[in-house]
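Residue numbers for the sequence shown follow UniProt numbering, beginning at 1 and rising by one. Every residue, glycine too, gets a C-beta built ideally from N, C-alpha and C. Here the structure is a predicted model, which means the values were calculated and not measured.
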Amino acid sequence: MIKSMTGFGKSVLQLPTKKVTIEVKSLNSKNLDINARIPSQYREKELPMRNTIAKSLVRGKVDFGLYVEITAEETSTKINDAVVKDYMKQLQGIHNSGEIGEYLKMAVRMPDALKTVREEIDEEEFKAINEGLRNALNAIDTYRVDEGKALEKDFVIRIQNIGKLLADVIEMDPERIEGVRERLQKAVSDIKEEVDQNRFEQELIYYLEKFDITEEKVRLSNHLEYFTTTLNTPESNGKKLGFITQEIGREINTIGSKSNYAPMQKLVVQMKDELEKIKEQLLNVL
């Protein structure tokens with residue numbers, strides 16, 4: 001089973017005095033890269049939340065957002081009574097004919113007339129938020145699994161296509177070798193000189209061995225089977241699949257360079273095309 005690195009999860013919590021919305025979005029990346037946007041009062045809990053995300057998502061470029069909307073009639077900003085009273089006393093001392101209401105309007109505009117009380121995070125509240133985060137991560141995991149299933153179907157088809165093309169290469173190989181042999185014999189006959197037949201056969205065998213692709217065919221077949229086996233393992237391992245595709249590409253390239261036969265090289269080009277499409281999709285596999 002494989003998972004995509006693309007996903008989105010959301011969780012909404014209704015707490016006694018506030019509404020908390022948690023959103024997690026991920027895209028493909030070689031490593032884990034978490035970008036967090038959370039209110040300042042929750043900064044002390046950022047590290048535990050990052051650890052929770054890291055354990056769940058493992059890899060990818062992750063955007064984590066925590067949004068808080070106050071729903072109760074309360075505010076963290078309070079009037080600084082002592083400061084406001086002192087301002088009013090000073091204003092009355094300067095001009096005693098004004099009304100109290102006018103002095104109050106002026107006083108609350110003065111520096112330090114309002115004070116913001118830092119809200120401490122309640123542990124029960126954080127437990128609820130942490131549970132909401134886990135729900136969002138479960139949602140994004142489900143999204144990743146669904147995306148992975150679509151990718152897996154595509155990989156299976158393309159690996160099978162490469163396998164079919166390899167079968168065509170194997171079927172064509174005797175014809176290719178015979179063609180190489182005939183070209184060499186014709187080249188020698190065109191020289192119109194007598195040659196030692198035993199020596200010629202030795203040279204011919206040496207030359208044909210240079211163009212032999214038996215090992216490449218066997219290794220490529222094994223790599224294709226290994227890719228399919230890895231695809232069906234319980235854990236998603238995009239990096240391992242990436243290494244296997246490198247080996248597949250190496251064998252395909254070697255077959256192409258050794259083939260020296262136009263019909264076979266056409267098959268090699270088709271195999272390369274299928275492999276490139278696999279590589280593109282693998283960039284998004286966890």
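Can you tell me which of the three DSSP states residue i falls into?
i: V180; result: helix
i: F211; result: coil
i: E171; result: helix
i: residue 289; result: Outside the shown range of the chain, which is 1 to 286, sits residue 289, and nothing can be said about it.
i: residue 305; result: Absent from the structure is residue 305, since the part of the chain shown begins at 1 and ends at 286.
i: N161; result: helix
i: Y261; result: coil
Do you know offhand how far residue i's Cα is from residue j's?
i: E251; j: N31; result: 28 Å
i: F211; j: S259; result: 6 Å
i: L241; j: V20; result: 39 Å
i: I129; j: L13; result: 7 Å
i: E23; j: Q270; result: 42 Å
i: K3; j: I244; result: 17 Å
i: Q41; j: S29; result: 30 Å
i: L15; j: R144; result: 29 Å
i: K89; j: I79; result: 16 Å
i: N237; j: L283; result: 11 Å
i: E125; j: D33; result: 27 Å
i: V285; j: G7; result: 11 Å
On the DSSP bridge assignment, give the partners of residue i in chain order.
i: V285; result: S4
Are the C-beta atoms of residue i and some chain C residue less than 7 Å apart?
i: G101; result: Here chain C cannot be found, since the structure has a single protein chain.
Original post:
Which residue spans inside the UniProt domain "Endoribonuclease YicC-like N-terminal" (2-152) form an unbroken beta strand (DSSP E) run of at least 3?
Top reply: The UniProt domain "Endoribonuclease YicC-like N-terminal" (2-152) contains, as complete beta strand (DSSP E) runs of 3+ residues, the segments 7-14, 18-27, 32-37, 60-70, 77-79 and 114-116 (chain order).
Original post:
Does the pairing of the stretch 220-231 with the stretch 138-145 give three or more beta-carbon distances under 8 Å?
Top reply: By the Cβ test, the stretch 220-231 is not in contact with the stretch 138-145, since fewer than three Cβ pairs between them sit closer than 8 Å.
Subject >> Inter-stretch contact at 8 Å, needing at least 3 Cβ pairs: the stretch 273-283 / the stretch 54-68 >> reply: With the rule of 3 Cβ pairs closer than 8 Å, the stretch 273-283 does not count as touching the stretch 54-68.
Original post:
Any contact of the stretch 154-168 with the stretch 43-59, i.e. 3+ C-beta pairs under 8 Å?
Top reply: With a cut-off of 8 Å, the stretch 43-59 and the stretch 154-168 do not count as touching, because too few Cβ pairs lie within range.
Subject >> the stretch 154-163 / the stretch 226-239 touching (three or more Cβ pairs under 8 Å) >> reply: Enough Cβ pairs lie closer than 8 Å, so yes.
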